[in-house]
Ligand code: VG1
Ligand code: CO
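Numbering (this note's numbering), first residue to last: 1 to 543.
Printed below as a string of structure tokens:
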């Protein structure tokens, strides 16, 4: 088998966003498109000769074809060993764990996460570094610079290989280990949680419904919940990974996991509802007729972690992305531990976790995780809640209400305006940036705007600076409006507006979220001119 050097020319816009390069499938199907990007990753990764690489994806359309290319290119570029999930499957947290376990050079994860799949859907590719986490911005920017000048790539001339089952084979001089995608991850969960206590919970009649949304977590959830924990068969719904996610949108929120939400709001519904996304790193938690916001979930986890085996020694610190509500800050304050505020995207947590500055972290976008891997982890979050319920023997709702009584409640919502004109979206943010300093100090709806700025972050470990991470408006009553543009979409721009209002009075903690936040929703539109600039009168998705 010969290694071929293929001439190529650069493609425009191969710049990775919040989480890797995401484009429509037909864009990835262009000759050399994927190859160029993979070659640039391997170039920036540096000394790769003889090293180990973890490869897998969420099973979406084009996963198989992309893996064939990546295997041959890895062999063509001198990689020594590939660890590949059977069927080309690996959830994002499982890939992170395998990189760490095998001390691999890194991993290539194929996923567009919560974006829809299929021949006209989205595809994505992301590189994770040695610590198991998403490559940090300096790495992804170096890849982008390289994509602008690439003129050739290397690939082994070989037939397609069969990686449908576990086993081992060679591809040129490279060894490929096809492994069970679930086993190592499931073992890790056994180390962190009290599985016998959760089994007892199920034995005592506790019921749950886990919606895998026809994405990657189906096999993981079946193994852990139904096999290892003994939950009844059928606890996991939509458990078969499908290339197009059954035509659905694998985003676990109140809009896209509607079947699950309907079950949870039915009169005889289960006690716990949960869902995960395309690549298994997000989670949604529901009690009986009760939705837990991801920001609250993080705060509850922080306040209760010491009750679970994996976290009994306490937390070194916590972190949240800037748009995530301040609920966890109050817990950290009470516990006397540090709370870091980072830009959106899991890559910003990596250094804090590696340095031991934090144990838990999370994002408002249905993401939570800990130092067990370097990605957010959907099933981990579900097991955390199950273990917590097993220890406290209370309902999800009771746990959250008690939390609000102790720390106060943050009413929280995110409004997304999808597929808007990119120029209009950029104009809106630029205008806010320009007026930020003059808005600061004024009062709106009776509340003083204490701080209005464009969020910038200095990493406390490597001191790198990330600017323009979103416009923040902090009011003196503890409420907040944040605006930013999505970095994961593939069509036009998505404007995200995040709003929160703090309510310490237990008598007022049972109101409707959108009604309570109505004054901020109005103000957010008015201050940014959302309708005037974008022509939109209402958001496409409210979470
Ligand atoms: C979104 C979320 C962000 C998350 C990212 C990747 O990014 O807001 O919190 O880290 O998706 O999640 P953006 O730039 O579109 O707002 V995943 O599960 O898609 O890898
Ligand atoms: Co995801």
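Where a beta carbon is used, it is the ideal one built from N, C-alpha and C, also for glycine.
What you are looking at is a predicted structure, and each value in this text was computed from that prediction instead of being measured.
Between residue 52 and residue 135 a beta carbon distance of about 17 Å is seen, past the 8 Å cut, so the two are scored as non-contacting. Segment contact: the segment 377 to 390 against the segment 492 to 503, fewer than three CB-CB distances shorter than 8 Å; contact not assigned. Shown here, residue 501 sits in a strand according to DSSP, grouped into three states. Distances from the alpha-carbon of residue 37 to those of 21, 49 and 50 put 21 closest.
Residue 277 is positioned such that its CB atom lies closer than 9 Å to that of residue 215.
Nearest to residue 157 by alpha-carbon distance, out of 167, 173 and 168, is 173.
A distance below 6 Å between beta-carbons, with the five flanking residues on each side excluded, links residue 348 to the following residues of its chain, in chain order: 342. Taking 9 Å as the cut-off, the beta carbon of residue 428 is found closer than this to the beta carbon of residue 534. At a cut-off of 8 Å, the beta-carbon of residue 277 counts as near the ligand VG1: some heavy atom of the ligand is closer than that. When the beta-carbon positions are compared, residue 481 and residue 520 come within less than 9 Å of each other. For residue 513, the closest alpha carbon among the candidates 416, 411 and 424 is that of 411.
The beta carbon of residue 325 sits closer than 6 Å to the beta carbons of 295, 410, 412 and 500 from its chain, once the five residues preceding and following it are set aside; these are given in chain order. Comparing alpha-carbon positions, the option among 538, 484, 488 and 397 lying closest to residue 509 turns out to be 397.
The three-state secondary structure of residue 410, taken from DSSP, is strand.
Around residue 523, the same chain offers 444, 445 and 481 as residues with beta carbons nearer than 8 Å, after the five sequence neighbours per side are excluded. Taken atom to atom, the span from the alpha-carbon of residue 170 to that of residue 54 is near 15 Å.
Secondary structure of residue 79 (DSSP, three-state): coil. Put simply, the segment 111 to 125 touches the segment 260 to 279. At least three CB pairs are less than 8 Å apart. The residues 210, 212, 218, 221, 222, 225 and 226, in chain order, have a CB closer than 7 Å to that of residue 236 in the same chain once the five nearest residues on each side in sequence are set aside.
In its chain, beyond the 5 residues on either side, 387 have a beta carbon closer than 6 Å to the beta carbon of residue 308. Exclusion of the five residues before and after residue 164 leaves 86 and 87 as the residues of its chain whose Cβ lies within less than 7 Å of its Cβ. By the CB criterion at 9 Å, residue 353 and residue 371 fall inside the cutoff.
Scanning its chain for C-beta atoms nearer than 7 Å, with the 5 sequence neighbours on each side dropped, one finds around residue 251 the residues 114 and 277, in chain order. In this structure, the C-beta of residue 13 stays at least 8 Å away from each heavy atom of the ligand VG1. Counting the other Cβ atoms within 10 Å of the Cβ of residue 448 gives fewer than 16, which makes it exposed. Shown here for residue 194: same chain residues with a beta carbon closer than 6 Å to its own, the five before and five after excluded, namely 309 and 387 in chain order. The three-state reading of DSSP puts residue 290 in strand, counting E and B together. Residue environment for residue 35: buried (at least 16 other C-beta atoms within 10 angstroms of its C-beta). Secondary structure remark: continuous alpha helix (DSSP H) runs of at least 4 residues inside the segment 454 to 516, in chain order: 513 to 516. The straight-line gap separating the alpha-carbon atoms of residue 25 and residue 123 is approximately 5 Å.
Rounded to the nearest angstrom, the gap between the Cα atoms of residue 240 and residue 270 is 21 Å. Going by C-alpha positions, residue 234 is about 18 Å away from residue 245. Out of 506, 494, 511 and 331, the CA that lies nearest to the CA of residue 542 is found in 494. DSSP places residue 204 in no alpha helix (DSSP H); its state is neither H nor E. Taking 8 Å as the cut-off, one finds at least one heavy atom of the ligand VG1 near enough to the beta carbon of residue 18.
The continuous stretches of beta strand (DSSP E) do not include residue 265, which lies in the alpha helix (DSSP H) extending over residues 258 to 265.
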